[in-house]
Structure formats: C-alpha cells, structure tokens
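The next block holds one structure in the form of structure tokens; read it before the comments.
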Amino acid sequence: MGAAWDNETMSGSLVQTVPIKNEFFYPHNPSRRPRHPHRLCSPLNSPPVDGNFFTFTGFRYLVSAPVPPKFTAVKATMEQFPALIGQSVSYAVLIYPGGSVNPVHIHPRSAELLFLTQGTLEVGFVDTKNTLYTQTLQQGDVFVFPKGLVHFQYNADTKNPAVAISGFGSANAGTVSLPNTLFNSSIDDSVLALSFKTDVATIQKLKAGLKG
C-alpha cells in the first residue's frame, strides 16, 4: 500500500535561508535536504521575501489572450509558483477550443475540483469497478474527479470554446496522460499488443498517430 501527500507546514516561519539555490527540489537525496523540508527556501544574499514571493502573475496574459488552437493547460504548481510548497494547493486554467479534448489522464497525488467558467463541457471518470460517471457541465457548474482515477474533459461544441479553473489538494498533483504514457514511451510493442489484444502493426499505427 502506498500513499503520498504534501509536507505539513509546522513552523510560523515559512521561508528558510539556505546557501544552495533550489535545495528543496532534492527530496530523495538526504544530504541535500534543507533542515526544515516543509519550509520554502531562499538563497543567501537574495532580496528580502515580500508579497511578491507569494503572488503568481502567470495567469494575467490569459485575460485578453486569443483562444489557443488546441487544448491548453496553464498551471500554477510548486514548479511555477514556489510559494505553494508545503501548502497542499495548486491551480490550473484549462482552455478548450471547440471540439477539443483533454485526453484521458490521472492525477496521482490529488483529487481535482473543476469549475467551468465559460461554455459547456463533457466530463467523466472511471472508478476502480470500471463504472463510468459522466456529466454535461454548464457554465458555473463544479465537478470533482477523485484522486488517482482515470478521467477526461471534452468540449463537444465545435464552434465555441470552454474555459475551466481546476483546484488541486496538492502543490504537485502530477499528470499522467495515458495515451502519451502508453504509446510515446519505450514500452515494447509486443507488450502493448498483448495488453490490448491486438497486433504490433496496430500499436505502431497508434504510436505514429500520436507523433503526428
């Protein structure tokens, strides 16, 4: 049995000054861990931390940006916004041009709470008993995708875009896209052919389609 969650923030001091920049990005190397791994790390001789450190401006350009030609996810996770480290939260703005899809995927470390701000959206997830749960969301609706389950979002309206904001209970929820993981990796074609009860030629066609 395995479990994963963000480190708790156990101190009133959120920021720890350390001599090695980005030291907190080495969780599997004990010799390089900061003394308090739940704190954010700032290199020595850096400017004092102020409100700018806790402000993410990466969504500003979306306000007046044109609709992208394909599905686009703009994220605010610990990678883009280090102030989230230890806070167990993150965001993503999801933009779906008409007829586009966010392919089947999972988030291994968090549930996803999706708020539809524009358009309509077909959503669904499959539970561990292989039961499919679907819904057609209208503007203003909220839908939850449970942690670790396969799910998707599809804008069936070919003429109008849809926009959603997703919140996660982790600063690094992770995304595993199943088509890309299965058919754009180094898994042997024979293994995939046996797994999907088909032949190697079909697997190779699927791989070629994803690369195109």
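Numbering (UniProt numbering), first residue to last: 1 to 212.
Think of the CB as a built atom: it goes at the ideal place given N, C-alpha and C, for glycine as much as any other residue.
Pick from the options: whose alpha carbon is nearest that of residue i?
i, options, result
"Y61", "T198, Y133, G167, K75", "K75"
"D157", "V49, V101, T55, T131", "V101"
"T128", "H151, S64, T72", "H151"
"K137", "T131, Q153, V126", "First, the residue type needs correcting, since residue 137 is Leu and not Lys in the sequence shown. Comparing Cα-Cα distances from L137 to each of T131, Q153, V126, the minimum goes to Q153."
"S110", "A171, T198, P47", "A171"
"P103", "V89, Q80, F71", "F71"
"T55", "P48, S64, P82", "P82"
"L178", "G148, K197, F168", "G148"
"A73", "S90, I85, L84, S185", "S90"
"I106", "P146, G51, A65", "P146"
"T175", "K159, P108, S88, D50", "P108"
"G169", "A65, G86, D50, V63", "G86"
Spatial neighbours of residue i within its chain, please: C-beta separation below 8 Å, excluding the five flanking residues on both sides.
i, result
"Q139", "L116, T117, Q118, G119, T120"
"P161", "V67, I95, Y96, P97, G98, Q118, G119, N155"
"Q80", "F56, G58"
"L84", "A76, T77, M78, S90, A171"
Grouping DSSP H, G and I as helix and E and B as strand, with all else coil, what is residue i?
i, result
"V63", "helix"
"G51", "helix"
"T17", "At T17 the pLDDT is 47, less than 50, meaning the model places this residue with poor confidence and gives no usable figure here."
"P108", "coil"
"P68", "coil"
"residue 213", "Examination of residue 213 is not possible in this model, given that the chain is present from 1 through 212 alone."
"G58", "coil"
CB-CB under 7 Å to residue i, same chain, minus the five flanking residues each way: which ones, in chain order?
i, result
"D189", "V200, I203, Q204"
"F183", "L206, K207, L210"
"K159", "G98"
"F53", "A83"
Counting only the same chain and skipping the five closest in sequence on each side, list residues whose C-beta sits under 6 Å from that of residue i.
i, result
"L114", "F143, A164, S166"
"P48", "none"
"V125", "Reading the sequence as shown, one finds Phe at residue 125 and not Val. Result list for F125: Y133, F145, L149, H151, in chain order."
"L192", "I203"
May I ask whether a heavy atom of the ligand GDP can be found less than 7 Å away from the beta carbon of residue i?
i, result
"M78", "As far as ligands go, the structure on display features none, and thus does not contain the ligand GDP."
(request) Scan the UniProt domain "Cupin type-1" (71-204) and note each continuous beta strand (DSSP E) run of 3 residues or more that stays entirely inside, going in chain order. (result) 72-76, 90-96, 101-106, 112-118, 121-126, 132-137, 142-145, 150-154, 162-168
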